[in-house]
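The numbers in my numbering rise by one with no breaks, and the one at position 204 of the sequence shown is 500. Scroll down for the structure; my scribbles are underneath it.
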Amino acid sequence: MLNKVSIILPLYRQSKQVNKLIEIYSLIRQRHKSVNEIIFVVNNGDETTHRAIKKIQDDFFKVLFVSDGGWGKGIKEGVNHANGNWILYTNSARTHFDDLNRFLNESKFVSNQLYKACRKSRGMLRKMISKIMELEFAFFSGIHQTDINGTPKLLEKELFQNLDLIEDNVFIDSELTLKVRSRGLFFQDIPFYNYQRLEGKSTTSSKMIFSFMIRLPKKVRLWKSQI
Numbered sequence: 297m298l299n300k301v302s303i304i305l306p307l308y309r310q311s312k313q314v315n316k317l318i319e320i321y322s323l324i325r326q327r328h329k330s331v332n333e334i335i336f337v338v339n340n341g342d343e344t345t346h347r348a349i350k351k352i353q354d355d356f357f358k359v360l361f362v363s364d365g366g367w368g369k370g371i372k373e374g375v376n377h378a379n380g381n382w383i384l385y386t387n388s389a390r391t392h393f394d395d396l397n398r399f400l401n402e403s404k405f406v407s408n409q410l411y412k413a414c415r416k417s418r419g420m421l422r423k424m425i426s427k428i429m430e431l432e433f434a435f436f437s438g439i440h441q442t443d444i445n446g447t448p449k450l451l452e453k454e455l456f457q458n459l460d461l462i463e464d465n466v467f468i469d470s471e472l473t474l475k476v477r478s479r480g481l482f483f484q485d486i487p488f489y490n491y492q493r494l495e496g497k498s499t500t501s502s503k504m505i506f507s508f509m510i511r512l513p514k515k516v517r518l519w520k521s522q523i
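So, in structure tokens, the structure goes:
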């Protein structure tokens, strides 16, 4: 079976990035014939971004609108509409052509193998926060995984669906990691060097990070009970 890749891009407050996104993924389309569709999923009822992005909708660039829910719900909604047998999801605000092009070239598309970006160019504070989250996750889950929230992530659509992920927000990457690793599967890390935003400010606040850390232990217990 030929590999067909559906790229899923959750969007939130990114109306000013639309032209750059079209430029990046038009180039990806030219370079990678296995990429058969780009699915933009506008999260949290962001009508401004939806109005900007829906103008380019066609058979290749598809646009979905989610009235509520965040990162995780956007990913799952994209997977539900994906036609490819492989799905790739990524932080569209921080994914540049050169790194994504290399990521796809280095991914071998081996069944039951998952591919994940390992971010190399973040500031010291972001690296420290990520490391603290890794240690917390390892302590409560018994699983050590570097850069848990690193994207792009690439895996088979069937595998993603079989994980029965329940999170609709930023916890989905941690849930996916726990359930994947509990099956004895592993991620292949691929270096990602340019993680600067395409435009604008980060939508992640210190309050969100603190809330994540406080809630993670209870979440891990819930996910482990489902395995």
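Where is the CB? At the ideal position from N, CA and C, for every residue including glycine.
Exercise. Helix or strand or just coil, what does DSSP make of K358?
Worked result: strand
>> So, with DSSP's three-state summary, where would you put P448?
In response: coil
| message | Is the beta carbon of Q522 closer than 9 Å to that of I428? | response | no
Next on the checklist: Just verifying my parser: in three-state terms, what is the DSSP assignment at I394?
Outcome noted: Checking the sequence, you will find Asp at residue 394 rather than Ile. Three-state result, D394: helix.
Open item on the list: Going residue by residue through the segment 413-440, where are the continuous alpha helix (DSSP H) segments of at least 4 residues, counting only ones entirely within it?
Closed with: 420-437
Contact check, V359 vs K350, beta carbons under 9 Å: yes
Cβ pair count under 8 Å reaching 3, the segment 434-447 against the segment 363-378: no
In DSSP terms, what Q484 is bridged to: Y411
DSSP on Y321, reduced to helix/strand/coil? helix
Since V476 is in the beta strand (DSSP E), which residue starts that stretch and which ends it?
-> Here V476 belongs to no beta strand (DSSP E); instead the alpha helix (DSSP H) covers 468-478.
* Asked: Under the three-state reduction of DSSP, which class applies to F405: helix, strand or coil?
  -> coil
Next on the checklist: Suppose the cutoff is 7 Å on Cβ atoms and the five residues either side in sequence are ignored; what does the same chain contact list for L400 look like?
Outcome noted: H328
Just checking, does the segment 449-463 make contact with the segment 408-423 on the three C-beta pairs under 8 Å criterion? yes
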